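*Asks:* My questions all concern the structure below.
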Amino acid sequence: MAEGRIKWYNPKKGYGFITSEETGEIFVHNSGIKEFGFFGFQEDDKVTFEVR
């Protein structure tokens with residue numbers, strides 16, 4: 014698992030980016046978060062994630 018912060022997220026379009034020292038900038042789509050009960054993010058939210 015990696016840690017990072019939400020760089021930006023557009024809830025209408027359903028995607029955004031996470032920045033992380035471990036992985037750099039990562040694209041995130043709502044299809045990858047809904048299975049965990051999330052439906053969106055706020056800028057600068059701290060997140061733990063797995064790259065698939």
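In this note's numbering, the protein residues as written are 14 to 65.
A virtual CB, placed ideally from N, CA and C, is assigned to each residue, including glycine.
Fair warning: this is a prediction, and the values are worked out from it, not measured in the lab.
DSSP state of GLY45, grouped into three classes?
*Replies:* Here residue 45 is taken as the residue at index 32 of the sequence shown, counted from 1. If DSSP states are grouped into helix, strand and coil, GLY45 belongs with the helices.
*Asks:* Buried or exposed for PHE40, going by 16 or more other Cβ atoms inside 10 Å?
*Replies:* Start at 1 with the first residue of the sequence shown, and residue 40 comes out as number 27. PHE40 is exposed by the Cβ-count criterion.
*Asks:* Buried or exposed for GLY50, going by 16 or more other Cβ atoms inside 10 Å?
*Replies:* Along the sequence shown, one-based indexing puts residue 50 at 37. With fewer than 16 Cβ atoms within 10 Å of its Cβ, GLY50 is classed as exposed.
*Asks:* Cα-Cα, which of GLU38, GLU63, MET14 is closest to TRP21?
*Replies:* Within the sequence shown, the letter at position 8 stands for residue 21. Among GLU38, GLU63, MET14, the Cα nearest to that of TRP21 is on GLU38.
*Asks:* CB GLY29 to CB ILE19, shorter than 8 Å?
*Replies:* Position 16 of the sequence shown, counted from the first residue, corresponds to residue 29. Position 6 of the sequence shown, counted from the first residue, corresponds to residue 19. A contact, by the Cβ cut-off of 8 Å.
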